[in-house]
Amino acid sequence: MNNQTNFLFAQAADYFAKSIARRTKDFDGAASAYSTDINDEPMNSLVLRKPVLSLDKLIKDTIDFFAHITTWCVVIPVELVDEDTTASLKRYGFIKAEVSVAMIFSLGGLKKESEDRAIKNMDNDLDAWSI
């Protein structure tokens with residue numbers, strides 16, 4: 681993905697996370713923590729967006745933010761993962777759980793459907809519908 685697409689994807693992910701989080705904390709634009717206050721790690725996460733001066737300080741600050749939560753995860757773009765990052769996270773007990781892939785779909789190529797279509801019930805059986 682190009683830089684603009686990466687930016688838009690990160691912006692959409694941030695918007696979604698903020699919409700379900702009860703509490704959030706921004707770390708100088710380099711990372712954000714999102715807490716739903718539900719004890720389930722995908723629902724509570726630290727998302728790293730750019731390199732930070734001290735990952736250890738960021739983790740310590742995030743531990744304070746999640747003091748009332750027992751499980752949370754760290755989400756890091758693959759381009760920010762290196763030996764130092766991996767070693768820092770292992771010191772705090774984090775383990776690599778999964779790798780995900782962001783995907784995009786261009787809406788510009790979709791064909792516009794005919795305006796004269798109507799969805800209607802075929803009879804009194806509500807399971808039977810027609811276009």
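Residue numbers (our numbering): 681 to 811. Using N, Cα and C, we set each Cβ at its ideal position, and we do this for glycine too.
Query	Result
Considering Cα atoms alone, identify which of Pro757, Thr704 and Asn719 is closest to Lys730.	Pro757
Using the three-state DSSP reduction, which class does Phe707 fall into: helix, strand or coil?	strand
How about Leu733 and Val754: are their beta carbons less than 8 Å apart?	no
Could you name the residues of the same chain whose beta carbon sits closer than 8 Å to that of Ser725, not counting the 5 residues immediately before and after it, in chain order?	Ala697, Ala713, Tyr714, Trp752, Cys753, Val754 and Val755
Would Thr765 and Leu735 qualify as a contact pair, given that the criterion is a beta-carbon distance under 8 Å?	yes
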